[in-house]
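**Q** Protein chains in written order, with full-length UniProt numbering: chain A, 1 to 338; chain B, 1 to 338; chain C, 1 to 338; chain D, 1 to 338; chain E, 1 to 338.
Sharing a structure with you now.
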Amino acid sequence: MYIKRNIGWGLILRYAWKNLIIFTVYASIIFCLYYYLGWDFIDIPFQPLSVIGIAVAFYIGFKNSQSYDRFWEGRKIWGGIVNYSRTWTIQLLSFIDTGDQSKNKEIQQRLVYRHPGWINALRVQLRQPKSWALKENYAVETLFNKHNERNISCNETVGFVSVSEYEDLEKRVNPATHLIKNQALDITALKKEGLLDGFQEDQLQSVLEEFYNLQGMCERIKNTPFPRQYGYFSKVFTWIFVLLLPFGLLDVFENDALNLTNELKEWYAFLMIPFSVLISWIFVTMEVIGDNSEDPFEGRINDVPMTALCRTIEIDLRDMLDEKDLPKNIQPKNNILY
Amino acid sequence: MYIKRNIGWGLILRYAWKNLIIFTVYASIIFCLYYYLGWDFIDIPFQPLSVIGIAVAFYIGFKNSQSYDRFWEGRKIWGGIVNYSRTWTIQLLSFIDTGDQSKNKEIQQRLVYRHPGWINALRVQLRQPKSWALKENYAVETLFNKHNERNISCNETVGFVSVSEYEDLEKRVNPATHLIKNQALDITALKKEGLLDGFQEDQLQSVLEEFYNLQGMCERIKNTPFPRQYGYFSKVFTWIFVLLLPFGLLDVFENDALNLTNELKEWYAFLMIPFSVLISWIFVTMEVIGDNSEDPFEGRINDVPMTALCRTIEIDLRDMLDEKDLPKNIQPKNNILY
Amino acid sequence: MYIKRNIGWGLILRYAWKNLIIFTVYASIIFCLYYYLGWDFIDIPFQPLSVIGIAVAFYIGFKNSQSYDRFWEGRKIWGGIVNYSRTWTIQLLSFIDTGDQSKNKEIQQRLVYRHPGWINALRVQLRQPKSWALKENYAVETLFNKHNERNISCNETVGFVSVSEYEDLEKRVNPATHLIKNQALDITALKKEGLLDGFQEDQLQSVLEEFYNLQGMCERIKNTPFPRQYGYFSKVFTWIFVLLLPFGLLDVFENDALNLTNELKEWYAFLMIPFSVLISWIFVTMEVIGDNSEDPFEGRINDVPMTALCRTIEIDLRDMLDEKDLPKNIQPKNNILY
Amino acid sequence: MYIKRNIGWGLILRYAWKNLIIFTVYASIIFCLYYYLGWDFIDIPFQPLSVIGIAVAFYIGFKNSQSYDRFWEGRKIWGGIVNYSRTWTIQLLSFIDTGDQSKNKEIQQRLVYRHPGWINALRVQLRQPKSWALKENYAVETLFNKHNERNISCNETVGFVSVSEYEDLEKRVNPATHLIKNQALDITALKKEGLLDGFQEDQLQSVLEEFYNLQGMCERIKNTPFPRQYGYFSKVFTWIFVLLLPFGLLDVFENDALNLTNELKEWYAFLMIPFSVLISWIFVTMEVIGDNSEDPFEGRINDVPMTALCRTIEIDLRDMLDEKDLPKNIQPKNNILY
Amino acid sequence: MYIKRNIGWGLILRYAWKNLIIFTVYASIIFCLYYYLGWDFIDIPFQPLSVIGIAVAFYIGFKNSQSYDRFWEGRKIWGGIVNYSRTWTIQLLSFIDTGDQSKNKEIQQRLVYRHPGWINALRVQLRQPKSWALKENYAVETLFNKHNERNISCNETVGFVSVSEYEDLEKRVNPATHLIKNQALDITALKKEGLLDGFQEDQLQSVLEEFYNLQGMCERIKNTPFPRQYGYFSKVFTWIFVLLLPFGLLDVFENDALNLTNELKEWYAFLMIPFSVLISWIFVTMEVIGDNSEDPFEGRINDVPMTALCRTIEIDLRDMLDEKDLPKNIQPKNNILY
């Protein structure tokens, strides 16, 4: 998640440089064909291009809107994880009462500590790349490779669960699912010991139900790409527009030059090159903006900062357990919070 | 569900070839009438076409947006099925305690196994074709016929329920509904045996209520076409625009040719043919993109991958029952997950 | 609900014929004034018309989107009725246990049968016409009059409730409300007899609460027109555009004719007539499409098929009661399901 | 709430007359400067006006969409009040059982009657004007002043609560809040008397929680204007467009007149006046349509008909209490239901 | 929150003056280059600018729509806080019954008073500035600095919680979270004393769960900027359009001047300056409108009036406790409610 109001030109160029070169070379070639070879037929009337441009802008608008929704839903789900982590903890802190202060502490700690185990395991599972993952140019990818963590195993639970539980998790297909299962078994065991009544078991099980819903919602977004027919044709249509654009601009600049009087007249159409690059960049950038929030769990520039959220939850929960040596918040790197 | 970022040109052509031929032949005929027969009146001013084009682009935008919502709602419902399948299982695993480990296992297995029976029965019921089903050209249909499964009976429950239950289901109008009913009867029977208390029966019945909601939501989308007046006129308006387009392009290219000086002038309007084909393809494709997510349970290129999800749930549930020989995940065919 | 993918031209013409005649006559008169009387000033520049056309297309887009939401909300509510009808039934089937099989049957049947009474009474209440109901031309209205049922009384409950209950319902302002009230009284009576415990009463009362929510949501849509300032001005603006259109098209065709060389030049503007009819039809149709889903409970071409849904629920419920002679599904008439 | 499909021209003119005069005078002045003083430079090219027009149409579309949502949310909330009023009543009717029929009646009546007291108090609180209230011209305001009721006190509760309770309410800041508080105190008192068990108290308290949610949602809409930066600039931009319009139309009509041949040529630009008035009216009306649903509780032409809904609820509840002399429904005045 | 219907020109200028000067100077320079230096090539055809303008207007529309949603969600959350504050209070008032009136009062007061402590602590936590906070020009910032409060500590809880509780809160990372935790501990303690039964504890804990949800939803909006790629490029594209605009307008005014006859012809293009300033202001204002509701908790002109809401809740709750000396409502300053 980028945390500054304005995006520096350095970062923008890191994304755009390749396209800017392509647009410039392409428009220059067309200008040369027109100007040096005298191919004055190499233009296209602009009117139909206007219609394509507006239709493409609509289409991109639709895509951006849905991509934003995917990001925002992802962020909402993690907000829900924050909220129910706190509810889970206060319910354990208030419900469990063995009469023995240190035994209370022990039970509460076991159940509260397993929770950051779950969120961290979930985080790592969501960070694994998918076959439809976005690939940017080399300059951008190195930026993320430098910062980003993509652990493979469920090692994230170490320190939060017992060794035997860890060994069991290692054999499971989806460790996060089994962490919640273990919470459920623990809760019912406490009830059988008489430490929880029916109402309290009911409330805690409801929170676990909520955790499964939140986990499943993350997995839904992660495992379902933004439907590729919507996403890919957005790119195709944008590039068709962008590739036709210099021909159309040549036409309008050419016509406009008819009114000019001085000797620059012949060179006037040359202005078409920077103008073409600019409009192309606007359209391609609009299109790419959506791409960057389609998949919100990848650890890229505008994704849900799951690592930071996991740490915040851990701090909150340990503060509630009245621990003293709380870990530090995750700090942004190059203005990006991961 | 298509699982690659980019859609190959082979696949695009498989969908588009027929239309591309139609557009080319149609535009060529109009060009010939104009050029060889000299019918220079066979054109239409482009300004009103711009207005139609923009209005049609809006209309398509609306349709795509609603179609996408239908797909995404379908996917959310199946996400909900995943989540509550897990909740159902952990509740059974933690609540049921006869004191006898193997008897627990037996009861838990009966109730957990009936669940994949339900999701698979539901899946097959949703895959049956409807009178408003989309039909593509032959090349596309063969692709899906090769991969897709459209079982007729509720045979999917074999192995998940007892033989007597299976025989009862065979006689029912809607087998999925009765599978949940059987779960409910089982749960209350367990309560009468004293294996569940009131709170636990309440929670399990709430999960069953949720299953009926999820099933009914699937059936709502399946049994209600995207209102045909919205969907069909989108196609009609697009084709009207596309059929008028070559006349309008002839007009703008003709006018543009007036400025040309060399001998190609007469042939300049010829450029209208590829340009016309291109714009036509863009508009028709935009329109068709929506069609492909209107009905999300058909087992087509971008539909909800129910077969894969059913398998995932089955694996999850059997892993929770600590089974060893878990089935494999469903693999995509030609980059499509069914 | 129209159940075919494509809408036949016969049906389209049934809706459109009157407007098509109006548009043709209107454009012809304007053409004659121009051509025969030589009123060459009777035209309007097209540029401002473009702006109106685009603004109107937006406005219609907004209206269609909201109208669609009203339909889809109506359909979702009835989907909810389907879901909770099943939940209601399985809860009764599993909870009620007098020890006497035939007494169980009797109680379950009374409470389950009253339910189709409620949905049918609700259906008929929703089908009564309102002061803002849509009126189409004669050809369309006869189609619906032929098929549609608009019973006046709560006779729909006959066969589902006892005679004395029926007589009580006859005197009530809103019979559907009282059917749910009777369910509630029955449930609490069963609890007092000890046939239901507190948890079970709680669950059944929650389902009744849900039924009141669903009924009230239907009544909200039924009793609140799509705000008429939004709906009516959409029509006004569309017709203003459509009435100005021939004047604007005359202008563009006239200008375009200046380039023509042959003797058809003078007649070229004649093309404005079919073109004007076509664009007018597109805009008016776009506008009318929304009208047809504004009020989703009227029993018109694209309304919620409540009659069919009521029958489906009845079949489902009676199948759960293990009845043998299940009624048949409602069949579509002229491809329309009511 | 306006209850006819079409809005009469009388009503439209009542809203529009002042603007129509302004537009006509303004366009005429510009025409006179052009025609009589020969200021042929007093025009503006239309192309940039097209862009402003389309941008403004978008902006208005956004505003209308959000305003509609505010109205529809308001209507949904009152729908919720209807639904839970019924649920409240059937729960009281079925739960309360003292063994003594007339004592039951008395308790039920006290709790059911306090409810219309609450909805009517809430209605009056919502009808009080705010500092950002819409003001129309004199002709429109007199229409509403004639019909509308804006009581000041909580006198609406007279007849629904006891005299002592009424006197207590008079001293409160927000009487509606205290009516629900009194219901809660009554419910818990009944439980202490043993007339309700824990489940039943729980359900009734949940309904009261729902009432507070519904009341608070009304107050949120009432106390928060549609953000004025969105609402006010919509008006500013529309009027800027409308004021520039005649200059732009002068330009296009002037250019169009160049092709005319007869003596009317000079007067052709005169057509700009009615055309300008028409487009101005369309844009200003589009903008005003949104204004009229921004604040849905004011008792204006398209607001939530709270008076009628309160009466409907009262009738429903008293019918459930088996009362005989039910009050009449509220009738619309001049086709407007308040 | 601005509370008048119309925004005064003084306030608008306070925001706009700097941009207006920039636009005027910029357009004047371009005009001078054209007019005095005779650079008649320094123009750009307007057609492609139209397409950019429309595309940018879409994009801004999307941004405004999402920004509005962020504001409205923020307002809804605080509406939820109002509602559940009341529910919390009536549950405590009706449930707690020690038999001793003054002991009841004491317990109720402790639990009800801690609640305004929580909302005020939450308010102050939400008012702390973030690294992506909006910065306006000096004239605007002084306005907010004059009125706005940005306390640093959790001093807001003084008077609402005991001294020892306050001292504990001072050491916490997130004091609001711990206030709810303390409520939970208190509730369970009351249950252990037998003052609450299981149902009542369940209900009160559910309200606390709701409070955590509401707090977490506020923190989600506060801690997640509107994705900067969407927000920042909106500004970039708008300014690109605005900077190209004078060149394009020069072109259209220049062409339009060809028809003029009198001596003003040469100066006609001068009109481009005010026109350019006007359109630039419209686009930049549209863009800035969204900026102002992106972050709804900052205490700026259109943010959620949390200070006023906190006071309203405090008054409501103390009125329910039958206190006499209720504090006054917060009054708006310069028509802005904070």
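Built from N, CA and C at the ideal position, the CB exists for glycine as well.
Every value quoted in this text rests on a predicted model; they were computed, and no experiment measured them.
Report the start-end ranges of each alpha helix (DSSP H) in the segment 72-141 of chain B that is 4 residues or longer and not cut off at the edges.
**A** 101-127, all fully within the segment 72-141 of chain B.
**Q** Considering only the alpha carbon of each residue, which of C/F211, C/Y268, C/D291 lies closest to D/T87?
**A** Reading the fourth sequence from its first residue, position 87 is the one you call residue 87 of chain D. Closest option to D/T87, Cα to Cα, is C/F211.
**Q** What residues from chain E crowd round A/Y268, counting only those whose CB sits closer than 9 Å?
**A** Working through the first sequence from its first residue, we reach residue 268 of chain A at position 268. Result: F41.
**Q** Mind pulling the chain B residues with CB within less than 7 Å of C/D100?
**A** Here residue 100 of chain C is taken as the residue at index 100 of the third sequence, counted from 1. Per Cβ cutoff of 7 Å: no residues; C/D100 is ~15 Å from chain B at best.
**Q** Residues in its own chain within less than 8 Å of D/L271 by CB, not counting five upstream and five downstream?
**A** Numbered from its first residue, the fourth sequence carries residue 271 of chain D at position 271. The residues are F253.
**Q** With contact counted as at least three CB pairs below 8 Å, one residue from each stretch, are the segment 87-98 of chain C and the segment 126-143 of chain C in contact?
**A** With a cut-off of 8 Å, the segment 126-143 of chain C and the segment 87-98 of chain C do not count as touching, because too few Cβ pairs lie within range.
**Q** Kindly identify the DSSP beta-bridge partner or partners of C/I336.
**A** The sequence position of residue 336 of chain C within the third sequence is 336, counting from 1. In the DSSP output, where bridge partners are listed per residue, C/I336 has C/Y2, C/K333.
**Q** Can you tell which of D/P116, D/I187, D/E209, D/N120 has the C-alpha that lies nearest to the C-alpha of E/I81?
**A** Counting from one through the fifth sequence, the residue named residue 81 of chain E turns up at place 81. Measuring from the Cα of E/I81, the nearest candidate turns out to be D/E209.
**Q** As a quick exercise: from C/G231, C/Q183, C/M306, pick the residue whose alpha carbon is nearest that of C/N329.
**A** The residue you call residue 329 of chain C lines up with position 329 of the third sequence. Nearest C-alpha to C/N329: C/M306.
**Q** At a CB-CB cut-off below 7 Å, which residues of chain D make contact with C/A121?
**A** As a first step, residue 121 of chain C must be located in the third sequence, where it is residue number 121. Here the premise fails: no neighbours, minimum Cβ distance about 15 Å.
**Q** Any residues in the segment 295-329 of chain D with a beta carbon nearer than 8 Å to a beta carbon of chain C? Which ones, in chain order?
**A** Answer in chain order: I301, N302, I315, D316, D319, M320, L326.
**Q** Given that D/K181 touches chain E, what residues does it touch there, using C-beta distances under 9 Å?
**A** Start at 1 with the first residue of the fourth sequence, and residue 181 of chain D comes out as number 181. The contacting residues are R86, T89, I90, L93, S94, M320.
**Q** Along the segment 2-21 of chain C, where does the CB come closer than 7 Å to a CB of chain B? Name the residues.
**A** Residues passing the 7 Å Cβ filter: Y2, I3, K4, R5, N6, I7.
**Q** Shortest alpha-carbon distance to B/N137 belongs to which of B/L195, B/L244, B/N19, B/R75?
**A** Residue numbering aside, residue 137 of chain B sits at position 137 when the second sequence is read from its first letter. Comparing Cα positions, the closest option is B/N19.
**Q** Identify the continuous alpha helix (DSSP H) that holds B/V252 and give its terminal residues.
**A** Position 252 of the second sequence, counted from the first residue, corresponds to residue 252 of chain B. From DSSP, the alpha helix (DSSP H) with B/V252 extends over 228-257.
**Q** Are the C-beta of C/N223 and some C-beta of chain B separated by less than 9 Å?
**A** As a working note, residue 223 of chain C is residue 223 in the third sequence. Not an interface residue.
**Q** Does the Cβ-Cβ distance between E/T188 and E/V56 come in under 9 Å?
**A** Position 188 of the fifth sequence, counted from the first residue, corresponds to residue 188 of chain E. Position 56 of the fifth sequence, counted from the first residue, corresponds to residue 56 of chain E. Going by C-beta atoms, E/T188 is not nearer than 9 Å to E/V56.
**Q** Checking contacts by CB at 9 Å: is D/V161 closer than that to chain C?
**A** Numbered from 1 along the fourth sequence, position 161 holds the residue referred to as residue 161 of chain D. D/V161 does not count as touching chain C.
**Q** Got a sec? Which residues, its chain only, sit under 6 Å from A/F247 by beta carbon, not counting five neighbours each side?
**A** Looking up residue 247 of chain A in the first sequence gives position 247. Around A/F247: D43, I44.
**Q** Using C-beta distances below 8 Å, list every residue in its chain close to B/S85, excluding the 5 sequence neighbours before and after it, in chain order.
**A** Taking the second sequence and counting its residues from 1, the one referred to as residue 85 of chain B is at position 85. Closer than 8 Å at the Cβ level, and outside the excluded window around B/S85, lie H115, I119, I313, D316, L317.
**Q** Taking B/F144 as the reference, give the member of B/Y15, B/L309, B/I289, B/G290 with the closest Cα.
**A** Position 144 of the second sequence, counted from the start, is the residue given in the question as residue 144 of chain B. The shortest Cα separation from B/F144 among B/Y15, B/L309, B/I289, B/G290 belongs to B/Y15.
**Q** With the cut-off set at 9 Å, would you say E/I30 and D/I52 are in Cβ contact?
**A** Reading the fifth sequence from its first residue, position 30 is the one you call residue 30 of chain E. Reading the fourth sequence from its first residue, position 52 is the one you call residue 52 of chain D. Not closer than 9 Å, so no.
**Q** Can you check which of these residues, E/G10, E/N6, E/K333, is closest to E/A139 by C-alpha distance?
**A** As a working note, residue 139 of chain E is residue 139 in the fifth sequence. When only C-alpha atoms are compared, the closest one is E/G10.
**Q** Please name the residue in C/P48, C/M1, C/V161 whose C-alpha comes closest to that of C/L179.
**A** Position 179 of the third sequence, counting from 1, holds the residue named residue 179 of chain C. The candidate whose alpha carbon is nearest that of C/L179 is C/V161.
**Q** Using beta-carbon positions only, say whether E/F23 and E/V277 come within less than 9 Å of one another.
**A** Position 23 of the fifth sequence holds residue 23 of chain E. Position 277 of the fifth sequence holds residue 277 of chain E. Yes, the pair counts as a contact, with Cβ atoms nearer than the cut-off.
**Q** Do three or more CB pairs link the segment 281-296 of chain A to the segment 59-75 of chain A at distances below 8 Å?
**A** Short answer: they touch.
**Q** Would you kindly report the start and end of the unbroken alpha helix (DSSP H) that includes C/L196?
**A** Numbered from its first residue, the third sequence carries residue 196 of chain C at position 196. Per DSSP, C/L196 belongs to no alpha helix (DSSP H) and is neither H nor E.
**Q** Return the Cβ separation of E/R228 and E/W132 in integer angstroms, given the expectation that the two are a contact with Cβ distance under 8 Å.
**A** As a working note, residue 228 of chain E is residue 228 in the fifth sequence. As a working note, residue 132 of chain E is residue 132 in the fifth sequence. Their Cβ separation, rounded to whole angstroms, is 7 Å, which keeps E/R228 and E/W132 in contact under 8 Å.
**Q** What residue does the alpha helix (DSSP H) around C/L278 start on, and which one ends it?
**A** Sequence index remark: in the third sequence, residue 278 of chain C carries index 278 (1-based). Run containing C/L278: 272-294, per the alpha helix (DSSP H) assignment.
**Q** So who's on the other strand from D/V173, going by DSSP bridges?
**A** The residue you call residue 173 of chain D lines up with position 173 of the fourth sequence. D/V173 pairs with nothing; no bridge assigned.
**Q** Just the chain E side, please: which residues come within less than 7 Å of D/D202 by C-beta, in chain order?
**A** Looking up residue 202 of chain D in the fourth sequence gives position 202. Result: F199, Q203.
**Q** Spell out whether any CB of chain B is found under 9 Å from the CB atom of C/T24.
**A** Position 24 of the third sequence holds residue 24 of chain C. Chain B, which has no Cβ nearer than 9 Å to the Cβ of C/T24, makes this no.
**Q** Using the beta-carbon of each residue, which ones in chain A are nearer than 7 Å to B/T285?
**A** Position 285 of the second sequence, counting from 1, holds the residue named residue 285 of chain B. Simply F233.
**Q** Could you spell out where the alpha helix (DSSP H) holding D/I7 opens and where it closes?
**A** For this step, residue 7 of chain D is matched to residue 7 along the fourth sequence. Careful: D/I7 lies outside any alpha helix (DSSP H) and carries neither H nor E.
**Q** Assign E/V304 to one of three DSSP states: helix, strand, or coil.
**A** Against the fifth sequence, residue 304 of chain E aligns to sequence position 304. Reduced to three states, the DSSP call for E/V304 is coil.
**Q** For a cutoff of 9 Å on Cβ pairs, would you count B/F188 as touching chain C?
**A** Residue 188 of chain B sits at position 188 when you count from the first residue of the second sequence. The sequence shown places Thr at residue 188 of chain B, not Phe. By this cut-off, B/T188 is an interface position.
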